[in-house]
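A.B. asks: To start, I am sharing the structure in question, which I have written as C-alpha cells.
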Amino acid sequence: MTAPGSDGRSGAGRPEQVLEEGRDHDFVGRRDLTAWPTALGRLGARLAVGAGRWLAPHQVLALTLVVGLLVTSALAALAGGVYDAVVEADGVAGLDQPALDAAIGARSSTLNTVVTAYTDVGGPVGMPLLAAGTAIILSWAWRRWTPLVLVVATMLGSLALTVAGKAAVGRTRPPLAEAVPPYEHSASFPSGHSLNSVAFAGIVAYLLVRRLHRAWARVLTVALAVAFAATMGLSRVYLGHHWLTDVLVAWALGLAWVSVVVTSHRLFLTAHRRAARAPLPPVAAARG
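Take the sequence shown: its letters are residues 7 to 294, numbered as in my numbering.
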C-alpha cells in the first residue's frame, strides 16, 4: 500500500518501503523511536543497521521477530520450569483458591451471562476475528501494510507461546464443579485468553499512539488497552476456567512478546532511516 499519488518510489529514487510510515510516525510524542538511550539499545541498533547493509529493512524486521520469538519461548519454558516453585501454598499460587472462592461468591446468573459473552471475544474464534478485522481496517485507513504485518506477527507469536506453554506444563484447570459452563478441557497454564488479549491490546495501542498527537489521547489509548487485557484475564478467573497464576504468567509473557515486536519494529525504523540517509551508488542515482 502506498500513499495516494505515490509512484512507489521515494524522491531519492529508492523503492518505497511498504512498512515505512514516514518520519512523523517515528515518534511517540517527543520520543524518537529510532533513538536508543541505553547501551543495550544502541548495541541492538548497531546490529540492525549492520544487518541492513546486507538485508532489506523488512528482512531485518523478520529476523529480529524470529530471534525475539525464540527468546520469549525460552521465557515460556523458564516459566514452566519454575512452576513447581510457585504452586506452593506460601507462593504466588497461594492466591489461586482464595481468588476462585471470591469469584464464586460474586457470581449471579446475569453476570455469568455477561462475562461469558465478554470472554468469548478473546476466545479461539472471537480473537482471530477481532485481530484480523482491526488489522485490515487500520491498514486500509492508513494505506499501509504496517498494522497488518505487526498484528499478524504478534498474534501468531502469541498463539505459539500459548501452545508451547500448555504443552510444557499441562496444568489441570479448576474443578468443573466450580466453573461456569460451557466448560473447557485444555491445559490451564498459561491462560490463552489473557496472553492473547495482552498481545492484541499492546500492539494496537502501539500502532495508535504513534499517530496520536495529543498526550491525553495517548494516555486514554493505553488505559483502554490495559483495561481490556486486565478484564479479559480476570474474566477467566471469575468463570473458574483458569487459576489466577495462569493469568498472571500469561500477562507477563504477553508483555514480553509485545515488547519484542515493538523493539523489532523500532529496529526496522532505525535501519530504514539509516538506509535512507546512505548515498546511492552512481548508477542507481543516475536512474533516479
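In this text, a Cβ means the ideal position worked out from N, Cα and C, and glycines have one as well.
Name the DSSP beta bridge partners of D38, please?
C.D. replies: In the DSSP output, where bridge partners are listed per residue, D38 has F33.
A.B. asks: Rounding to the nearest angstrom, what Cα-Cα distance links V73 and A262 in this structure?
C.D. replies: The straight-line gap from Cα to Cα measures roughly 13 Å.
A.B. asks: State whether the segment 180 to 192 contacts the segment 243 to 259, with contact taken as three or more CB pairs (one from each stretch) at a distance under 8 Å.
C.D. replies: Result yes; three or more Cβ-Cβ pairs closer than 8 Å.
A.B. asks: Beta-carbon separation of S295 and L71 under 7 Å?
C.D. replies: The question about residue 295 has no answer here: the residues shown for the chain are numbered 7 through 294.
A.B. asks: Taking the alpha-carbon positions, what's the L144 to P153 distance?
C.D. replies: Taking the straight line from one Cα to the other gives about 6 Å.
A.B. asks: Mapping the DSSP letters down to three states, classify E27 as helix, strand or coil.
C.D. replies: Note on E27: pLDDT 49, under 50, position unreliable in the model; the coordinate value appears next. DSSP places E27 in coil when its eight states are reduced to three.
A.B. asks: How about F206 and A137: do their beta carbons lie closer than 7 Å?
C.D. replies: Yes, the pair counts as a contact, with Cβ atoms nearer than the cut-off.
A.B. asks: Among L254, R279, A68, which residue has its Cα nearest to the Cα of D102?
C.D. replies: Ranking the options by Cα distance to D102, first place goes to L254.
A.B. asks: With 16 other CB atoms within 10 Å as the buried threshold, where does L76 fall?
C.D. replies: By the neighbour-count rule (16 or more Cβ atoms within 10 Å), L76 is not buried but exposed.
A.B. asks: Hey, out of L49, N202, G176, whose CA is closest to A256's CA?
C.D. replies: Checking every option, the nearest Cα to that of A256 belongs to N202.
A.B. asks: Are A159 and S79 touching if we call contact CB-CB under 7 Å?
C.D. replies: Against a cut-off of 7 Å, the Cβ pair of S79 and A159 comes out as no contact.
A.B. asks: Keeping to the same chain, check which residues put their C-beta closer than 8 Å to that of M133; ignore five residues upstream and five downstream.
C.D. replies: V127, M161, H199, N202, S203, F206, listed in sequence order.
A.B. asks: Can you grab the Cα-Cα spacing for the pair A95 / Y244, in whole Å?
C.D. replies: Low confidence applies to A95: its pLDDT is 49, below 50, so where it sits in the model is not reliable enough to give any reading.
A.B. asks: Would I209 and V131 be called neighbours here (beta carbons separated by less than 7 Å)?
C.D. replies: Cβ atoms of I209 and V131: not closer than 7 Å.
A.B. asks: Under 8 Å by Cβ, that's how I've got L259 and L167 pegged, so tell me the actual separation to the nearest angstrom.
C.D. replies: Correct: roughly 6 Å between the Cβ atoms.
A.B. asks: Does DSSP put S265 in a helix, in a strand, or in coil?
C.D. replies: Helix at S265.
A.B. asks: Taking Cβ to Cβ, would you say V186 is nearer than 7 Å to N118?
C.D. replies: It is a contact, given that the beta carbons lie within the stated cut-off.
A.B. asks: Output needed for R48: all residues of its chain with C-beta closer than 6 Å, excluding positions within five of it in sequence on either side, in chain order.
C.D. replies: So the qualifying residues of the chain are W42.
A.B. asks: Please classify T116 as buried or exposed, where buried requires at least 16 other C-beta atoms within 10 Å of its C-beta.
C.D. replies: Exposed: under 16 other Cβ atoms inside 10 Å.
A.B. asks: Are the beta-carbon atoms of L295 and R272 separated by less than 7 Å?
C.D. replies: Shown here, the chain extends from 7 to 294; a query on residue 295 therefore has no answer.
A.B. asks: I'd like the span of the alpha helix (DSSP H) that includes R242, first residue to last.
C.D. replies: Start and end: 221 to 244.
A.B. asks: Can you tell me whether DSSP reads H191 as helix, strand or coil?
C.D. replies: If DSSP states are grouped into helix, strand and coil, H191 belongs with coil.
A.B. asks: Could you tell me how far apart the beta carbons of G35 and A221 are, in whole angstroms, since I believe they sit closer than 8 Å?
C.D. replies: That pair is a contact at about 6 Å.
A.B. asks: Secondary structure at A95, three-state DSSP: helix, strand or coil?
C.D. replies: Because A95 carries a pLDDT of 49, less than 50, the predicted location of this residue cannot be relied on, and no value is offered for it.
A.B. asks: Identify, in the order they occur along the chain, each residue of the same chain with its Cβ nearer than 6 Å to the Cβ of S197, setting aside the five sequence neighbours on each side.
C.D. replies: Answer for S197: R242, H248, D252, V253, A256, listed in chain order.
A.B. asks: When you compare only the Cα positions, how much space is there between G129 and T227?
C.D. replies: Roughly 22 Å separates the two Cα atoms.
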